[in-house]
Structure formats: C-alpha cells, structure tokens
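Structure first, commentary second.
In our numbering, the protein residues as written are 79 to 467.
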C-alpha cells in the first residue's frame, strides 16, 4: 500500500493524559487543528492524501482520534483510516489495509444532512453539498445533479421543463431505479393535467391528470406550513381557493363539457354574460372583463348553494379572515405566526382537514401520501448504497 510512499514523521508526545474517551477526543481535536500548519512547514498542503493509523494506543486513543478526524473539516475528503492487523505467531507483520468504518460513518452523516435538506425542499443546497464534496460517486454525479434539477422544476410547477430535463438522463443505472420511473410517471401525468387545463380539453375539470395537479398543490401548501412560511402559506391558500372557484364555476356553467371554440378572452366575456343572466343584470359590451373572486363566488352560490366553496361557508370565511389579516400585517412590514392561524382555524391541522374535505366533496379528490416523500427516501437510499459500495 505504501511501497512508493515517503512519509514525513511529525513527533507529538502524548503523556500524562487520563484514560478518558472525552479527554482524548478533546486532545486530538487540538492536535489535528494544528496539523495543516505543520504540513505547510514541510511544503505540503492539506488536500493531499492523509492516512490515519488506528493500529496502536489505548481504545480511548483510537476512539478519540477517529472522532476528532471526523470533526475536522481540513481533511474531510482526503483522510483514510488504516489498520495493520496483528500477525499470527511466527508470521510477518501483515500490510496496512483501509478501515471501511470511515466510509460508513461519513456516508451516514452525509445522508442524514441530505435528508434534512430534502425535507425542506432545498434542492439547490443539496446540489451544492454533493458537488463540493469529493464523493466516490463520480460516474453518477451528473445524473444525480440533473435529477435534483428536475425536482426543483417540479417544485416550481414547471412540469413540461421537468419532463424534458428528466429525459436527458441517458442509459444510466439511475434511470432503471423505481424512484426514477415513479417520478417520470408522476411528472408526465402532471404535465398532461396542465395541458388539459390550458387547452380546455373536454371534461378537463374532472380528468384524473388534472386532479393530480390539485393533489400536488395541496401538498405544496402543507410543506409551506411545515416550513413555517406563514405569509407565503396564506398567499398560496387564497390563490389555490381562487383557482378552485374558477374550476368549479367552469364546470357549473358547462364550459368544460364541450370542445371549446372560444378564445380565452371570449370565454371570459361569456362568463360575464352568464353571470349577468344569473343575477338578472344587463350585459353591456363584448369586451374582456376581469373576473374577480366575488363574481366566481356568486356563480357558485347561485348554482350550487351547498358547495364548500361558497363565500358563506365557515372555512371560506376563516380563509378570508386570515388572508385579510396577512394583508394588514405585511403592509406594516410584519408577518403571520402559527398562533394567528390557529386562532382563526383552530388547532394547527384543522385547515388541512377542511381543505381535504373541500377537495373530496367538490372534486372527488382523495388525498394520499405526499408523492415526493417516497422519491426522496429512495433517492437517499440509492446514494448511500453507492457511497459505501
């Protein structure tokens, strides 16, 4: 292992230390912090290979040295622990061999950090961390970074772009994994749902692909709340509610049950014409009118008075109350808190319960597990397996 290696010996005397794991760990931390300076005196830099022998000393010494080296950032990607096994009686000393425990500890610590970042959907930070470390996954690195780009595009509702980028991953081991195929299927379905919406396809408000889009947006709201981004959560909730109003009104007025021949602008005019007919008001002009939340609410109140999307429904009143509160505080450079939301909706999970009820009753959507949770979990397992291979 070291046939062509010319070691530099730096003597450090260790004496009069207690046989204590904590004391040895503290001592070795101080020693290792001084190593880069001592290496520099010999014309060496800390990015060259560093071999750490665990062959001698007390158990406290070896454990202290092991953990102190793991704590060091100077030798994060260059260290290798080695051990020379005890020879059998009458035999020569066996050569030094690498100790695999270093790889396992580093992999476990890295995957734990990646898991925390993925839980918060910090895909960019995951990319930075993986890119900066000298990990033994070079042949997979490009594909992993591309897959993280795909997840980020999906997070930002860029399904068509995510699908295109996902297809750039060629013939690789990652492409054959279950989580890759699952992600591909989900994004393909989400993209078709958006296309059905944009093209006003026949029955688009009730097709399974578009329901998947609503399911995805529900989980985005849940994660915003879990990340304690309460101002953004309030905006997202109101935007989602307004979209649900528009979808429901589209269905009630029959705009989703025939192949459309109207442009989006003409469709808005027809919306207003039907709205005026419902409210016995005169319709003047054939220009594009902006359709506001209240007008959608009137369509639904007149056509489906028992709908959970009606303005008079208790959960809608709560949503409008917290949204108004949010508007008031942000214009004073303030923000919402969790207690503000709980004071309006009740216990912290109550808003989720009410939204699930609305999605199920109005659009027959059954909320399942977050589809990204399993993808994150299996991606981390796949990375960990390659780190310790």
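In this text, a Cβ means the ideal position worked out from N, Cα and C, and glycines have one as well. Since the structure is predicted, the reported quantities are computational estimates derived from the model, not experimental observations.
According to the Cβ coordinates, are residue 299 and residue 314 closer than 8 Å?
As a position in the chain shown, residue 299 is number 221, starting the count at 1. As a position in the chain shown, residue 314 is number 236, starting the count at 1. Result yes, Cβ atoms of residue 299 and residue 314 sit closer than 8 Å.
Whole angstroms is fine: what's the gap from residue 426's alpha carbon to residue 289's?
Working through the chain shown from its first residue, we reach residue 426 at position 348. Working through the chain shown from its first residue, we reach residue 289 at position 211. Rounded to whole angstroms, residue 426 to residue 289 spans 25 Å at the Cα level.
Using the Cα positions of residue 226 and residue 246, report the straight-line distance between them to the nearest angstrom.
By 1-based counting over the chain shown, the position of residue 226 is 148. By 1-based counting over the chain shown, the position of residue 246 is 168. Rounded to whole angstroms, residue 226 to residue 246 spans 13 Å at the Cα level.
From 98, 319, 331 and 139, pick the residue whose C-alpha is nearest to that of residue 433; which is it?
On the chain shown, position 355 is the one that residue 433 refers to. Nearest option by C-alpha distance: 319.
Residue range of the alpha helix (DSSP H) that residue 301 falls in?
Here residue 301 corresponds to residue number 223 of the chain shown, with the count starting at 1. That run of the alpha helix (DSSP H) goes 286 to 304.
In three-state terms, what does DSSP make of residue 114?
The count along the chain shown starts at 1 and reaches residue 114 at position 36. Three-state result, residue 114: helix.
For the candidate residues 235, 328 and 197, whose alpha-carbon lies nearest to that of residue 304?
Here residue 304 is taken as the residue at index 226 of the chain shown, counted from 1. Looking at the Cα atoms, 197 is the closest of the given residues.
Span of the beta strand (DSSP E) holding residue 177?
Start at 1 with the first residue of the chain shown, and residue 177 comes out as number 99. Neither: residue 177 is in no beta strand (DSSP E) and is coded neither H nor E.
My assumption, with CB atoms under 8 Å, is that residue 238 sits in contact with residue 276. Please give the rounded CB distance.
Translated into the one-based positions of the chain shown, residue 238 becomes position 160. Translated into the one-based positions of the chain shown, residue 276 becomes position 198. Actually they are not in contact, since the Cβ atoms of residue 238 and residue 276 sit about 10 Å apart, beyond 8 Å.
CB residue 414 to CB residue 377, shorter than 8 Å?
As a position in the chain shown, residue 414 is number 336, starting the count at 1. As a position in the chain shown, residue 377 is number 299, starting the count at 1. For residue 414 and residue 377, no; Cβs fall outside 8 Å.
For residue 243, which residues in the same chain have their Cβ closer than 7 Å to its Cβ, ignoring the five residues on either side in sequence?
Start at 1 with the first residue of the chain shown, and residue 243 comes out as number 165. 224, 227, 228 and 231.
Are there 16 or more other CB atoms within 10 angstroms of the CB of residue 364, so buried, or fewer, so exposed?
What you label residue 364 is simply residue 286 of the chain shown in a count that begins at 1. Legend: pLDDT at residue 364 = 48, less than 50; position of this residue unreliable, no value from coordinates given.
Taking the alpha-carbon of residue 155 as reference, which of 165, 185 and 283 has the nearest alpha-carbon?
Position 77 of the chain shown, counting from 1, holds the residue named residue 155. Taking only the C-alpha atoms, the option nearest residue 155 is 185.
Step through the CB atoms of chain B and report whether any lies within less than 8 Å of the CB of residue 139.
Any reference to chain B falls outside this structure, which holds one protein chain only.
Hey, could you find the ends of the beta strand (DSSP E) residue 130 is sitting in?
Counting from one through the chain shown, the residue named residue 130 turns up at place 52. Where residue 130 is concerned, the enclosing beta strand (DSSP E) stretches over 128 to 131.
Unbroken alpha helix (DSSP H) runs of length 4 or more, entirely within the segment 134 to 187: which are they?
Runs of the alpha helix (DSSP H) inside the segment 134 to 187: 137 to 149.
Report yes if the CB atom of residue 326 is closer than 8 Å to the CB atom of residue 284, and no otherwise.
For the purposes of this step, residue 326 is taken as residue 248 along the chain shown, with counting starting at 1. For the purposes of this step, residue 284 is taken as residue 206 along the chain shown, with counting starting at 1. Not closer than 8 Å, so no.
In this structure, how does DSSP classify residue 86 when only helix, strand and coil are distinguished?
Reading the chain shown from its first residue, position 8 is the one you call residue 86. It is coil, neither helix nor strand.
Kindly list the residues whose CB is nearer than 7 Å to the CB of residue 101, restricted to its own chain and excluding five residues on each side of it in sequence; keep chain order.
Working through the chain shown from its first residue, we reach residue 101 at position 23. 95, listed in sequence order.
Taking DSSP as the reference, what is the three-state secondary structure of residue 445?
In the chain shown, residue 445 corresponds to position 367, counting from 1. Here residue 445 sits in coil by DSSP.
How many angstroms separate the CA atom of residue 295 from the CA atom of residue 328?
Here residue 295 is taken as the residue at index 217 of the chain shown, counted from 1. Here residue 328 is taken as the residue at index 250 of the chain shown, counted from 1. Taking the straight line from one Cα to the other gives about 19 Å.
Which two residues bound the contiguous alpha helix (DSSP H) that contains residue 256?
Residue 256 sits at position 178 when you count from the first residue of the chain shown. Taken as a continuous stretch (DSSP letters only), the alpha helix (DSSP H) holding residue 256 covers 256 to 276.
Compare the C-alpha of residue 312 against each of 451, 389 and 397 and name the closest.
For this step, residue 312 is matched to residue 234 along the chain shown. Comparing Cα-Cα distances from residue 312 to each of 451, 389 and 397, the minimum goes to 397.
One question on the structure: do residue 322 and residue 375 come within less than 8 Å of each other, judged by their Cβ atoms?
Along the chain shown, one-based indexing puts residue 322 at 244. Along the chain shown, one-based indexing puts residue 375 at 297. No. Outside cutoff.
In three-state DSSP terms, what is residue 241?
Taking the first residue of the chain shown as 1, we reach residue 241 at position 163. Correct three-state label for residue 241: helix.
By the DSSP assignment, the alpha helix (DSSP H) with residue 225 in it spans what residues?
If you number the chain shown from 1, residue 225 lands on position 147. Run containing residue 225: 216 to 233, per the alpha helix (DSSP H) assignment.
Over the uninterrupted alpha helix (DSSP H) stretch that includes residue 402, give me the two end residues.
Locating residue 402 in the chain shown gives position 324, counting from the first residue. Where residue 402 is concerned, the enclosing alpha helix (DSSP H) stretches over 392 to 408.
What is the DSSP secondary structure of residue 416, counted as helix, strand or coil?
As a working mapping, residue 416 is identified with position 338 in the chain shown. Helix.
Just checking, does the segment 256 to 268 make contact with the segment 156 to 163 on the three C-beta pairs under 8 Å criterion?
The segment 256 to 268 is not in contact with the segment 156 to 163.
Given residue 416, which residues of its chain have a CB within under 8 Å of its CB, disregarding the five upstream and five downstream residues?
Sequence index remark: in the chain shown, residue 416 carries index 338 (1-based). For residue 416, where only same-chain residues beyond five positions count, the Cβ hits under 8 Å are 306, 308 and 426.
Figure out for me which residue from 458, 463 and 466 has the closest Cα to the Cα of residue 194.
For this step, residue 194 is matched to residue 116 along the chain shown. Residue 458 is the option with its Cα nearest to residue 194.
Tell me whether residue 380 sits in a helix, a strand or coil according to DSSP, three-state version.
Translated into the one-based positions of the chain shown, residue 380 becomes position 302. Note: residue 380 maps to helix in three-state DSSP.
So, residue 221 versus residue 252, is the Cβ gap smaller than 8 Å?
Here residue 221 is taken as the residue at index 143 of the chain shown, counted from 1. Here residue 252 is taken as the residue at index 174 of the chain shown, counted from 1. Going by C-beta atoms, residue 221 is nearer than 8 Å to residue 252.
Indicate the three-state DSSP secondary structure (helix, strand or coil) for residue 248 in the structure shown.
Position 170 of the chain shown, counted from the first residue, corresponds to residue 248. Coil.
Applying the criterion that 16 or more other CB atoms from any shown protein chain within 10 Å of the CB defines a buried residue, is residue 175 buried or exposed?
In the chain shown, residue 175 corresponds to position 97, counting from 1. So residue 175 counts as exposed.
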